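Down below is the structure, laid out as structure tokens.
Residue numbers (the working numbering), protein chains in the order written: chain A, -10 to 205; chain B, 943 to 1274.
Structure representation (structure tokens):
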């Protein structure tokens, strides 16, 4: 399994060092997919080990852009891998593992955040569509990109204190009263900041939801 | 138009830093499905170059692998024997196999399979009991509750226990991250990702309260639906129609007050108390007046035995009680 390590390392280091030319990079990325396929011929387990090694970190990071919660991003990516494993569809997909996994993670992350912002109080199960569309429309791809950019800009534009509280709450999973103690604020203040952040986020995510589903 | 689509442009696009015209060009380029692979490849490269937070693929892989292997259908009981190669010396291995087989057949004929492979701990009315499982986890069972778990090999794979009634769990983290799952009679399944929580699974309703750590809830009737992840202080209730509602409580300890022989009321109606008396002490309770049934009380009181609880209730609600064996009638 040594060579796999080698390839995935070189792929990552490229972006930091950036001395490889485009065609070289292309071959490395293609080779990654090839290596995963080889690993799958050995065993399903080896195949998934390779998939995780090569794609997990980036998929997790990508999911974070949508949900801004470590635990949820982990869950979303693991669920996608899990379903991919259980459904045996890794044997038969026509696209690269990469394209499949990214599409599935984005789909799930979107469903999750939409559900979370829409129905924070009542709990019915979110309308997760498991299907990864075989041919995604350009609009769909672009809407996903615009969505995570919009979420980022909402958080970016929050007043500093509000942003800080939001990240402590969501990203570090701290409770409101913990944040209040940590920052020396009243609980009510923390709650008000969180409410403001969530309301901004809700506007940004849900406002486009209708259009999104129509396109879908 | 295609030739202006290069990696740098896509990188700028992912970062939200391109002009509307450039975006239009990208949209046109994406019209061709053949370019989608290229798009995802660049998205992946861009993501790798702009990671949001570190993550461990090894942990995620181990967790997913464990979950998949646990879900694979297999007959657990046989594993307990066959996994122990020390038993299979070539002289007597046939004999051992024969004995095991006979035992199994015998057991299933007499319906004792459950008794042989599972241990059940049953707690009677008016008592609580602590159980330490072989993996070090501590379970405190409330009155009129039972816990069933595998006699052999508990902790080798997913640690699954079945609960009827009410119990508080302090789950020991295992070195191999084996999951700890609590299954309740109505198909609500609690998977532990953290440590301390209280499960209430009785006729009236099922309820989970999480004190620390993290648990996932799943209905076994709908294994496909996404699980609900609870955070500390969350309280999830399933009513008889199977509907789940989530609430948050500042004092999750209240739900396990019975562990310390206390009863904690928080605007609790006499009707609810009657249900608790029935569940925990086996009383049959009748309340003469519907208005009385809805009267509520708040507070925390010692509850070492049934008499103490009944005294407390009559005093608290200022009501009269007539008792005949296990039949109780409350009157104004």
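For each residue, glycine too, the CB sits at the ideal point set by N, CA and C. As the structure is a prediction and not an experimental result, all values here were calculated from the model.
Residue-level contact to chain B via CB, residue i, 9 Å cutoff
{"i": "residue 141 of chain A", "result": "yes"}
{"i": "residue 29 of chain A", "result": "no"}
{"i": "residue 23 of chain A", "result": "no"}
{"i": "residue 70 of chain A", "result": "yes"}
{"i": "residue 66 of chain A", "result": "yes"}
{"i": "residue 150 of chain A", "result": "no"}
{"i": "residue 134 of chain A", "result": "yes"}
{"i": "residue 32 of chain A", "result": "no"}
{"i": "residue 162 of chain A", "result": "yes"}
{"i": "residue 182 of chain A", "result": "no"}
{"i": "residue 42 of chain A", "result": "yes"}
In DSSP terms, what residue i is bridged to
{"i": "residue 33 of chain A", "result": "Partner(s): none; residue 33 of chain A has no beta bridge."}
{"i": "residue 1204 of chain B", "result": "B/1244"}
{"i": "residue 1143 of chain B", "result": "B/1107 and B/1148"}
{"i": "residue 1277 of chain B", "result": "The structure shown does not extend to residue 1277 of chain B, since chain B spans only 943 to 1274, so no value can be given for it."}
{"i": "residue 1122 of chain B", "result": "B/1101 and B/1134"}
{"i": "residue 1082 of chain B", "result": "B/1072 and B/1110"}
{"i": "residue 1161 of chain B", "result": "B/1130"}
Beta carbon proximity, residue i to chain A, threshold 9 Å
{"i": "residue 1122 of chain B", "result": "no"}
{"i": "residue 1147 of chain B", "result": "no"}
{"i": "residue 1195 of chain B", "result": "no"}
{"i": "residue 1153 of chain B", "result": "no"}
{"i": "residue 1006 of chain B", "result": "yes"}
{"i": "residue 955 of chain B", "result": "yes"}
{"i": "residue 1173 of chain B", "result": "yes"}
{"i": "residue 1129 of chain B", "result": "no"}
{"i": "residue 1257 of chain B", "result": "no"}
{"i": "residue 1266 of chain B", "result": "no"}
{"i": "residue 1138 of chain B", "result": "no"}
{"i": "residue 951 of chain B", "result": "no"}
{"i": "residue 1132 of chain B", "result": "no"}
{"i": "residue 1157 of chain B", "result": "no"}
Residue i versus residue j - alpha carbon distance
{"i": "residue 1196 of chain B", "j": "residue 995 of chain B", "result": "37 Å"}
{"i": "residue 33 of chain A", "j": "residue 1193 of chain B", "result": "46 Å"}
{"i": "residue 1207 of chain B", "j": "residue 1251 of chain B", "result": "12 Å"}
{"i": "residue 58 of chain A", "j": "residue 159 of chain A", "result": "5 Å"}
{"i": "residue 1024 of chain B", "j": "residue 195 of chain A", "result": "Legend: pLDDT at residue 1024 of chain B = 31, less than 50; position of this residue unreliable, no value from coordinates given."}
{"i": "residue 1280 of chain B", "j": "residue 1069 of chain B", "result": "Since the first and last residues shown for chain B are 943 and 1274, residue 1280 of chain B lies out of range."}
{"i": "residue 88 of chain A", "j": "residue 961 of chain B", "result": "26 Å"}
{"i": "residue 1004 of chain B", "j": "residue 68 of chain A", "result": "13 Å"}
{"i": "residue 1267 of chain B", "j": "residue 100 of chain A", "result": "56 Å"}
{"i": "residue 129 of chain A", "j": "residue 28 of chain A", "result": "32 Å"}
{"i": "residue 1182 of chain B", "j": "residue 167 of chain A", "result": "35 Å"}
{"i": "residue 1154 of chain B", "j": "residue 163 of chain A", "result": "12 Å"}
{"i": "residue 1109 of chain B", "j": "residue 1274 of chain B", "result": "34 Å"}
{"i": "residue 1059 of chain B", "j": "residue 50 of chain A", "result": "44 Å"}
{"i": "residue 1097 of chain B", "j": "residue 1217 of chain B", "result": "35 Å"}
{"i": "residue 983 of chain B", "j": "residue 990 of chain B", "result": "11 Å"}
{"i": "residue 1190 of chain B", "j": "residue 1173 of chain B", "result": "9 Å"}
{"i": "residue 155 of chain A", "j": "residue 36 of chain A", "result": "38 Å"}
{"i": "residue 1242 of chain B", "j": "residue 1255 of chain B", "result": "12 Å"}
For residue i, three-class secondary structure by DSSP
{"i": "residue 1239 of chain B", "result": "strand"}
{"i": "residue 1076 of chain B", "result": "coil"}
{"i": "residue 1101 of chain B", "result": "strand"}
{"i": "residue 25 of chain A", "result": "helix"}
{"i": "residue 1061 of chain B", "result": "strand"}
{"i": "residue 1092 of chain B", "result": "strand"}
{"i": "residue 204 of chain A", "result": "Bear in mind that the predicted position of residue 204 of chain A carries a pLDDT of just 41, short of 50, making it too unreliable to give a figure here."}
{"i": "residue 1256 of chain B", "result": "helix"}
{"i": "residue 1156 of chain B", "result": "coil"}
{"i": "residue 1187 of chain B", "result": "strand"}
{"i": "residue 1087 of chain B", "result": "strand"}
{"i": "residue 1177 of chain B", "result": "strand"}
{"i": "residue 1070 of chain B", "result": "coil"}
{"i": "residue 82 of chain A", "result": "coil"}
{"i": "residue 1211 of chain B", "result": "strand"}
{"i": "residue 1170 of chain B", "result": "strand"}
{"i": "residue 161 of chain A", "result": "coil"}
{"i": "residue 961 of chain B", "result": "coil"}
{"i": "residue 191 of chain A", "result": "helix"}
{"i": "residue 57 of chain A", "result": "coil"}
{"i": "residue 947 of chain B", "result": "coil"}
Residues of the segment 961 to 982 of chain B with Cβ closer than 7 Å to any Cβ of chain A, in chain order: 969, 972, 973, 975, 978, 979, 981 and 982
Residues in the segment 68 to 98 of chain A having any Cβ partner in chain B nearer than 8 Å: 68, 70, 71, 74, 75, 84, 85, 87, 88, 91 and 92
Residues from the segment 1208 to 1232 of chain B in contact with chain A, defined by Cβ distance under 8 Å: none
The segment 982 to 1002 of chain B: positions lying closer than 9 Å to chain A by Cβ: 982, 983, 985, 986, 987, 988, 989, 990, 991, 992, 993, 994, 995, 996, 997, 998, 999, 1000, 1001 and 1002
Interface residues of the segment 1078 to 1111 of chain B facing chain A [CB-CB below 8 Å]: If the cut-off is 8 Å between Cβ atoms, the segment 1078 to 1111 of chain B has nothing near chain A.
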